[in-house]
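**Q**
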Ligand SMILES: [Zn+2]
Ligand SMILES: [Zn+2]
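Residue numbers (UniProt numbering), protein chains in the order written: chain A, 1 to 431; chain B, 1 to 431.
(1) Could you tell me if residue 40 of chain B is buried or exposed, where buried requires 16 or more neighbouring beta carbons within 10 angstroms of its beta carbon?
(2) Rounding to the nearest angstrom, what Cα-Cα distance links residue 244 of chain A and residue 244 of chain B in this structure?
(3) Can you tell me whether residue 60 of chain A is buried or exposed? The criterion is at least 16 other CB atoms within 10 Å of its CB, across all chains shown.
(4) Note down the Cα distance separating residue 139 of chain A from residue 276 of chain A, rounded to an integer number of angstroms.
(5) So residue 230 of chain A contacts chain B; which residues on that side make the cut at Cβ distance below 9 Å?
(6) What would DSSP say about residue 144 of chain B, mapped onto helix, strand or coil?
(7) Please decide whether residue 405 of chain B counts as near chain A, where near means a Cβ-Cβ distance under 8 Å.
(8) Let me check you understand the geometry: is the CB of residue 256 of chain A closer than 7 Å to at least one non-hydrogen atom of ligand 1?
(9) Within the continuous alpha helix (DSSP H) that includes residue 198 of chain B, where are the two ends?
(10) Near residue 228 of chain A, what residues of its chain come up, given a Cβ to Cβ distance below 8 Å and the 5 sequence neighbours on each side ignored?
(11) On the premise that residue 216 of chain A lies in contact with residue 265 of chain A, defined as a C-beta separation below 8 Å, what is that separation, rounded to the nearest angstrom?
(12) Please report the distance separating the alpha-carbon of residue 423 of chain B from that of residue 178 of chain B.
(13) Could you work out which residues of chain A lie near residue 240 of chain B, taking near to mean beta carbons separated by less than 9 Å?
(14) Does any CB atom of chain B fall closer than 8 Å to the CB of residue 319 of chain A?
(15) Tell me which residues of the region 159-191 of chain B have at least one Cβ-Cβ distance to chain A shorter than 8 Å, keeping chain order.
(16) How about residue 34 of chain A: is its C-beta nearer than 8 Å to some C-beta of chain B?
(17) Mind checking who residue 71 of chain B pairs with in its DSSP beta bridge?
(18) Could you tell me whether any Cβ in chain A is nearer than 8 Å to the Cβ of residue 362 of chain B?
(19) Please confirm whether any heavy atom of ligand 1 lies closer than 7 Å to the CB of residue 194 of chain B.
(20) Taking 8 Å as the threshold (C-beta atoms), are residue 221 of chain B and residue 211 of chain B in contact?
(21) Quick one: grab the DSSP three-state call for residue 7 of chain B.
(22) Using the rule of at least 16 other Cβ atoms within 10 Å of the residue's Cβ for burial, across every protein chain shown, is residue 239 of chain A buried or exposed?
(23) Residue 256 of chain B versus chain A: which residues are under 7 Å apart at the beta carbon?
(24) Could you name the residues of the same chain whose beta carbon sits closer than 6 Å to that of residue 492 of chain B, not counting the 5 residues immediately before and after it, in chain order?
(25) Between which two residues does the alpha helix (DSSP H) carrying residue 175 of chain B extend?
(26) What whole-angstrom Cβ distance do residue 82 of chain A and residue 95 of chain A have, given they're in contact under 8 Å?
(27) Are three or more beta carbon pairs between the region 109-116 of chain A and the region 125-138 of chain A nearer than 8 Å?
(28) Any heavy atom of ligand 1 closer than 7 Å to the CB of residue 242 of chain A?
(29) When the Cβ atoms of the region 273-289 of chain B are set against those of the region 300-310 of chain B, are three or more pairs found closer than 8 Å?
(30) At 7 Å on the CB atoms, spell out the chain A contacts of residue 246 of chain B, in chain order.
(31) Shorter than 8 Å from the beta carbon of residue 236 of chain B to some beta carbon of chain A?
(32) At a threshold of 7 Å, does residue 331 of chain B count as lining ligand 2 (C-beta to nearest heavy atom)?
(33) What residues in its chain sit with their C-beta under 6 Å from that of residue 168 of chain A, if we drop five residues either side in the sequence?
(34) Counting only Cβ pairs nearer than 7 Å, list the residues of chain A close to residue 370 of chain B.
(35) By Cβ distance below 8 Å, which residues in the same chain neighbour residue 300 of chain A in space, the five residues on each side in sequence not counted?
(36) Inspect the CB distances between the region 135-150 of chain B and the region 73-82 of chain B and report whether three or more fall short of 8 Å.
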């Protein structure tokens, strides 16, 4: 039990800002009613947010004869947040205002021969510079940059411990980026980015317990429990893709057999297509995206093979999601990432049917299964949210009592030396 | 996000008392160092525990020249806690002092024709009366009774929603007990009782994330995440026994196929024995306990069939535990309940081997797998712990700001009318 009153204060600060982003302007009284916090606590938290210039006073509302109530709103122009989505073949970067509207986007391609850590860091820095440039004066001060990289990430040290795509082992990516970018930096992976995006802005908002099922090439389950991200003891929770669904089943690249991922990740779905329609023109053997797109179109047109593939995928997915429901008893299960987005409603309908056959009655009755409602790239949104959380954690930084997990690079000079350490922020072992 | 500063205060009160139970006497300074809380917070919490008469001042220690430090200890004789373990064929009751030493035990048999709710409540009341009588004046004031009943339990209303053993549906067991017992009552199920016992007194103490794998006739995984019990949105989290390990595998009484429970629960282990040693004398077809006992003895004697059965059980159990490790990334996995206790070390060794083959490297490296170190019945200990937690939650009850989830029956008369509602405690819908 290492949770302290400081953690609860940070969590409450998150909660108040979340409400303000969802509905601005609002009064301290309404915030207190919505959060269950006392008016005094809300007043303190709003004071901190005002001091951080994340929110602003915007006037008064009449309160039925009583004293007029002060209204607070998110100060959209009070700063910018940048989210970086590093994928196998591209770097996608978005710059957000504080209401989390996208002000600018940039994309850089990653070629197979350009995947050395220094090269990837260079592409990231170029794309970040591009969005800052495009947003121009609207960007204002950049509060931080969140970076999502696929793999096992130590967010405290900023080291990518393992990235299967590029066979990276122990890459100090945050140090490399700190030499190039003069902003506070936060590193994590796409699964946690998507989960935090749902928690702040999507289907998990206001829910105590939610599971975000990520369906892409790889597969994972982000766990938002008790209103916060469950990271596990070494920040690797959520490896649902490598839980066993069929003991001794299909071989998996993790070395195991019968993992969930081998049946419901994009390559697994392509395998169902090969088995159910060996000569189907829907299959693009070397192109996952084209195959899933073709499947989605064919399902819409009533193609029987495509429908059978979605049903078969949902049979496995439904069993796996039932396991999550039985084990964790969540309020909501969110289907996220590109495979879920493209197969959409037809997949959702079949998954709900399969779950209804598998899950226990009591937890099933308490759960809904939905598609992610986030209309933009959830990974860059979530990455930007890590930067926002970093800014919120730093409230007491000046007094020296808080250690931030992100790295702050306050001056160009500090950045140029690669020793980007602000007073009160954490020093990486390597610096 | 419904967690409030009151919740964190309750959690901190739990934590301070846990430390005191583990090591008494101790000073406020040592408690602050051990918990990471400020000395001022610890002083406030200790003051509350003193007021509740759960702890007591026991003198001073020198602090190397400084002011002598006050020492605090658990006041073992400050009150009694009663834990009730209702099983299919018996009711086992233990009375504890506040250091959680057992002062008295009682057991009542449940006959198949004696399983109506009123009959079971009567057996519970008789056994509770017996332990209070046996403990005599040592019992002091009874702070509460925790009751564990196998099945789906609504702990807020005290209703057993479903108990498969007896086909109970919607039984208001807490109301029935409140008519017979003049103590605050707390209802939950054995999985959560065992988990809370590990969290307070066993292998999960001081751990942030732990999984308590219960191996009995049924199978479950109690989740202690972030230092507290993860209940899920409808208090049914932990149904790991009914997650799929072999899609379309062995039929399960839940209606599914290939559930973990069908391979590693006592009946599943008996099935392995039937398959691996069809004529084995170890099999007692109608007696799970005798069969598991015979297996344990035969393994110790090197019997090859018995060893093969343990290996086969561990193959499934290892795959299932790997799933928990990959998904939740816990610090510790605890093997608990009677099957784990009887098969003991030989099972543990095989399970560790199987997990090392299945689990992902990163979460595997962060996890240890251990047998439960609790020497007595963990279910009645955990049930008593629910009563202790109830007493700790009630600190502010007199001011009317706290709603307790247990039911308090302050006077004999209130009990006799079945309307056992104390000021500030929760009224059941039926009363
Ligand atoms: Zn795998
Ligand atoms: Zn089952």
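We put the CB at the ideal spot given by N, CA and C, even for glycine.
It should be emphasised that the depicted structure is a prediction, and the values quoted were computed from it without experimental measurement.
**A** Taking the definition as stated:
(1) Numbered from its first residue, the second chain carries residue 40 of chain B at position 40. Flag for residue 40 of chain B reads exposed.
(2) Taking the first residue of the first chain as 1, we reach residue 244 of chain A at position 244. Taking the first residue of the second chain as 1, we reach residue 244 of chain B at position 244. About 8 Å.
(3) Counting from 1 along the first chain, the entry for residue 60 of chain A is found at position 60. Looking at its Cβ environment, which holds fewer than 16 other Cβ atoms inside 10 Å, residue 60 of chain A is exposed.
(4) Taking the first chain and counting its residues from 1, the one referred to as residue 139 of chain A is at position 139. Taking the first chain and counting its residues from 1, the one referred to as residue 276 of chain A is at position 276. Straight-line Cα distance between these residues: approximately 51 Å.
(5) Against the first chain, residue 230 of chain A aligns to sequence position 230. By Cβ distance, chain B contributes 209, 225, 226, 230, 328, 329.
(6) Here residue 144 of chain B is taken as the residue at index 144 of the second chain, counted from 1. Three-state DSSP puts residue 144 of chain B in a strand.
(7) Start at 1 with the first residue of the second chain, and residue 405 of chain B comes out as number 405. Its pLDDT being 37, under 50, residue 405 of chain B is placed unreliably by the model, and the measurement read from it follows with that caveat. No, residue 405 of chain B lies away from the interface with chain A (no Cβ there is under 8 Å from its Cβ).
(8) For the purposes of this step, residue 256 of chain A is taken as residue 256 along the first chain, with counting starting at 1. Yes, the beta carbon of residue 256 of chain A sits closer than 7 Å to at least one heavy atom of ligand 1.
(9) Your numbering for residue 198 of chain B matches position 198 in the second chain. First-last of the alpha helix (DSSP H) with residue 198 of chain B: 190-201.
(10) For the purposes of this step, residue 228 of chain A is taken as the residue at position 228 of the first chain. Here the set comprises 11, 199.
(11) The count along the first chain starts at 1 and reaches residue 265 of chain A at position 265. The count along the first chain starts at 1 and reaches residue 216 of chain A at position 216. Right, their Cβ atoms sit about 7 Å apart.
(12) Working through the second chain from its first residue, we reach residue 423 of chain B at position 423. Working through the second chain from its first residue, we reach residue 178 of chain B at position 178. Residue placement at residue 423 of chain B cannot be trusted, given a pLDDT of 29 that sits under 50; what the coordinates show is reported in the next sentence. Distance between the alpha carbons of residue 423 of chain B and residue 178 of chain B is about 16 Å.
(13) For the purposes of this step, residue 240 of chain B is identified with residue 240 of the second chain, where counting begins at 1. Under the 9 Å cutoff, chain A gives 323, 326, 327.
(14) Within the first chain, numbered from 1, the residue matching residue 319 of chain A stands at position 319. Cβ-Cβ to chain B under 8 Å: yes for residue 319 of chain A.
(15) 161, 162
(16) For this step, residue 34 of chain A is matched to residue 34 along the first chain. Chain B, which has no Cβ nearer than 8 Å to the Cβ of residue 34 of chain A, makes this no.
(17) Here residue 71 of chain B is taken as the residue at index 71 of the second chain, counted from 1. B/27, per the DSSP bridge assignment.
(18) For this step, residue 362 of chain B is matched to residue 362 along the second chain. Answer yes: the Cβ-Cβ gap between residue 362 of chain B and chain A drops below 8 Å somewhere.
(19) As a position in the second chain, residue 194 of chain B is number 194, starting the count at 1. Outside the cutoff, so no.
(20) Counted from its first residue, the second chain places residue 211 of chain B at position 211. Counted from its first residue, the second chain places residue 221 of chain B at position 221. Against a cut-off of 8 Å, the Cβ pair of residue 221 of chain B and residue 211 of chain B comes out as a contact.
(21) Counting from 1 along the second chain, the entry for residue 7 of chain B is found at position 7. Reduced to three states, the DSSP call for residue 7 of chain B is helix.
(22) Counted from its first residue, the first chain places residue 239 of chain A at position 239. Residue 239 of chain A comes out buried.
(23) What you label residue 256 of chain B is simply residue 256 of the second chain in a count that begins at 1. By Cβ distance, chain A contributes 358.
(24) The requested residue 492 of chain B is not part of the displayed model; chain B covers only 1 to 431.
(25) The residue you call residue 175 of chain B lines up with position 175 of the second chain. Unbroken alpha helix (DSSP H) run through residue 175 of chain B: 173-178.
(26) Position 82 of the first chain holds residue 82 of chain A. Position 95 of the first chain holds residue 95 of chain A. Sure, about 5 Å apart at Cβ, within 8 Å.
(27) no
(28) Residue mapping note: residue 242 of chain A aligns to position 242 of the first chain, counting from 1. Under cutoff, so the answer is yes.
(29) yes
(30) The sequence position of residue 246 of chain B within the second chain is 246, counting from 1. Within chain A, the residues near residue 246 of chain B are 246, 247.
(31) Against the second chain, residue 236 of chain B aligns to sequence position 236. Yes, its Cβ sits closer than 8 Å to a Cβ of chain A.
(32) Numbered from its first residue, the second chain carries residue 331 of chain B at position 331. No, Cβ of residue 331 of chain B sits at least 7 Å from all heavy atoms of ligand 2.
(33) Taking the first chain and counting its residues from 1, one reaches residue 168 of chain A at position 168. Contacts found: 160.
(34) For the purposes of this step, residue 370 of chain B is taken as the residue at position 370 of the second chain. By Cβ distance, chain A contributes nothing, its closest Cβ being about 15 Å from residue 370 of chain B, past 7 Å.
(35) Indexing the first chain from 1 puts residue 300 of chain A at position 300. If we look at residue 300 of chain A and ignore the five residues flanking it on each side, its Cβ neighbours are 346.
(36) yes
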